[in-house]
Amino acid sequence: MSAPATVAQELALRLDRAWEERAPIRPLSETDSLALPEDAYEIQRLWTELRRRRGDRSIGHKIGLTSAAMREQLGVYEPDYGCLWESRFHPRQDAPVEIPHDRFIQPRVEGELAFLMARALPDREVDAEDVLAATAAVAVAIEVIDSRIENWRIQLVDTIADNASYGAVALGPWSTELAACDLRRIRLRVSCDETPVTEGRGEAALGNPARCVAWLANKLRSYDSGLAAGDVVLSGALAGAVPASRGQAFTVEVPGQPALTAVFA
242 MSAPATVAQE LALRLDRAWE ERAPIRPLSE TDSLALPEDA YEIQRLWTEL
292 RRRRGDRSIG HKIGLTSAAM REQLGVYEPD YGCLWESRFH PRQDAPVEIP
342 HDRFIQPRVE GELAFLMARA LPDREVDAED VLAATAAVAV AIEVIDSRIE
392 NWRIQLVDTI ADNASYGAVA LGPWSTELAA CDLRRIRLRV SCDETPVTEG
442 RGEAALGNPA RCVAWLANKL RSYDSGLAAG DVVLSGALAG AVPASRGQAF
492 TVEVPGQPAL TAVFA
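Below, the structure is given as structure tokens:
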């Protein structure tokens, strides 16, 4: 492509209309010859700026494509990332979190771990140990992924431009005990209406969820950005994504932590 600024802005507006109107669009890789990840990240950046001008804000980042199988399917060698927009953030309540199903086009649920950054990471290449040293706490998370691209017919550049297919996020309570665990060995189970549907381990995400956050920090640094104190980072799915229908209740469980339930109201 390498997209001129006016084209990138028009594509950001197109994605925003799809988000607001719940009307999927054809893949940008087909309709606009979008081919380069750096062009797709610029579209994502412009879309995020548009959301901010409308009063939304970013509370952190999400990491996608941490599964080796998904990267192989898309023919890519690294994950991608997007912004967590506050308008779709659902903090934990005493009762199950209610998420309006009619906000989405084709939602799927993933069970993940979220990191709360205590401070910025060093201005150099970082690793998982650096991430853990800068982490205040970790929480169980439910991420709703949703694609503005029709029928999830995505290439890497489509999902990058589409804010890494971000839909919404719900968090359990922050835990310093969970942050101190060997996150590679964490076992996570996702149930739908009390029936287990998928499960996985921490090592499914690049071998270690903290390694995913290190990848993100290094990637952001290449774009002259970074993680800051107070940022929330979703480190990637530990198990397969599950389609979500209206009325269904999804529960994510990690041993030793309170269960987190979200109902698609």
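Note that our numbering has the sequence shown beginning at 242, numbered continuously upward. In this text, a Cβ means the ideal position worked out from N, Cα and C, and glycines have one as well.
Quiz item: Name the DSSP bridge partner or partners of aspartate 321?
Solution: To locate residue 321, count along the sequence shown from 1; it is residue 80. Note: aspartate 321 sits in a beta bridge opposite Gly305.
Self-check item: Close-in-space but distant-in-sequence residues of the same chain around arginine 292 (CB under 7 Å, 5 per side omitted)
Solution: Here the question's residue 292 lines up with position 51 in the sequence shown. Only Trp326 meet the Cβ criterion.
Self-check item: Per-residue burial, glycine 471 [other beta carbons within 10 Å of its own, 16 or more giving buried]
Solution: Taking the sequence shown and counting its residues from 1, one reaches residue 471 at position 230. Burial call: exposed.
Quiz item: So the alpha helix (DSSP H) alanine 377 belongs to, where does it begin and stop?
Solution: For this step, residue 377 is matched to residue 136 along the sequence shown. Counting along the chain, alanine 377 falls outside any alpha helix (DSSP H), though it belongs to the beta strand (DSSP E) covering 376-386.
Exercise. Would you decide whether serine 466 is buried or exposed? Buried here means 16 or more other CB atoms lie within 10 Å of its CB.
Key: The residue you call residue 466 lines up with position 225 of the sequence shown. It counts as exposed.
Quiz item: For the region 445-453 against the region 485-495, are there 3 or more C-beta pairs whose distance is under 8 Å?
Solution: Judged by Cβ distances under 8 Å, the region 445-453 makes no contact with the region 485-495, as fewer than three pairs qualify.
Quiz item: tyrosine 464: buried (16+ other C-beta within 10 angstroms of its C-beta) or exposed?
Solution: Indexing the sequence shown from 1 puts residue 464 at position 223. It counts as exposed.
Practice problem: Would you check if there are 3 or more beta carbon pairs closer than 8 Å linking the region 417-427 to the region 309-325? | Solution: no
Practice problem: Could you tell me which residues DSSP puts in a beta bridge with cysteine 433? | Solution: Here the question's residue 433 lines up with position 192 in the sequence shown. For cysteine 433, which the question treats as bridged, DSSP gives the partners Thr436, Phe491.
Quiz item: By DSSP, does proline 484 sit in helix, in strand, or in coil?
Solution: Position 243 of the sequence shown, counted from the start, is the residue given in the question as residue 484. In this structure, proline 484 counts as strand in the three-state DSSP scheme.
Quiz item: Per the contact definition of three or more C-beta pairs closer than 8 Å, is the region 294-305 in contact with the region 333-345?
Solution: no
Quiz item: How is the beta strand (DSSP E) around isoleucine 346 delimited, first residue to last?
Solution: Locating residue 346 in the sequence shown gives position 105, counting from the first residue. From DSSP, isoleucine 346 is part of no beta strand (DSSP E); its letter is neither H nor E.
Exercise. Compare the beta carbon distance of isoleucine 386 and glutamate 339 with 8 Å and say whether it is the shorter of the two.
Key: Locating residue 386 in the sequence shown gives position 145, where the first residue counts as 1. Locating residue 339 in the sequence shown gives position 98, where the first residue counts as 1. No, they are not a contact pair.
Quiz item: Taking the runs of the alpha helix (DSSP H) that are 4 residues or longer, which of them lie wholly in the region 260-291?
Solution: 269-272
Self-check item: Reduced DSSP secondary structure (H/G/I, E/B, other) of isoleucine 300
Solution: The residue you call residue 300 lines up with position 59 of the sequence shown. For isoleucine 300, the secondary structure class from DSSP, reduced to helix, strand or coil, is strand.
Self-check item: From Leu397, Gly441, Asn459, residue whose alpha carbon lies closest to that of serine 388
Solution: Working through the sequence shown from its first residue, we reach residue 388 at position 147. Taking only the C-alpha atoms, the option nearest serine 388 is Leu397.
Quiz prompt | Euclidean distance between Cα positions of proline 499 and glycine 441 | solution = Working through the sequence shown from its first residue, we reach residue 499 at position 258. Working through the sequence shown from its first residue, we reach residue 441 at position 200. The C-alpha of proline 499 lies about 17 Å from the C-alpha of glycine 441.
Exercise. For proline 414, I'd like the list of residues in its chain whose CB is within less than 7 Å of its CB, leaving aside the five on either flank, ordered along the chain.
Key: If you number the sequence shown from 1, residue 414 lands on position 173. So the qualifying residues of the chain are Arg333, Ala380, Pro499.
Quiz item: What does DSSP give as the partner residues of leucine 373 in its beta bridges?
Solution: Residue mapping note: residue 373 aligns to position 132 of the sequence shown, counting from 1. The partner list for leucine 373 (beta bridge, DSSP) is empty, contrary to what the question assumes.
Exercise. Would you list the residues sitting across from leucine 412 in a DSSP beta bridge?
Key: In the sequence shown, counting from the first residue as 1, residue 412 sits at position 171. As a beta-bridge residue in DSSP terms, leucine 412 pairs with Ala382.
Quiz item: Which residue comes first and which comes last in the beta strand (DSSP E) that contains alanine 503?
Solution: Counting from 1 along the sequence shown, the entry for residue 503 is found at position 262. Unbroken beta strand (DSSP E) run through alanine 503: 501-505.
Practice problem: Flag this pair as touching only if the region 399-413 and the region 369-376 have three or more C-beta atom pairs under 8 Å; answer yes or no. | Solution: no
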